[in-house]
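Quick notes on the structure that follows.
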Amino acid sequence: MTAPIRLLVIDDEVALTRSLKLNLEDTGHYEV
């Protein structure tokens, strides 16, 4: 299996950033 794609998400809305992180990492294809 290939390594997950790493993303850096920067936003001043903590709730949005947390939600995006959880959803992306839940797919198994991304590391946020």
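In this note's numbering, the protein residues as written are 216 to 247.
Glycine is no exception: its CB is placed at the ideal position from the N, C-alpha and C atoms.
(1) Taking the C-alpha atoms as reference points, what is the distance between LEU231 and LEU223?
(2) If you draw a straight line from the C-alpha of ARG233 to the C-alpha of LEU239, how long is it?
(3) Quick one: what does DSSP say GLU240 is sitting in, helix, strand or coil?
(4) With a CB to CB cut of under 8 Å and the five nearest residues on each side skipped, what residues in its chain are close to ILE220?
Let me spell this out:
(1) 14 Å
(2) 10 Å
(3) helix
(4) HIS244, TYR245 and GLU246
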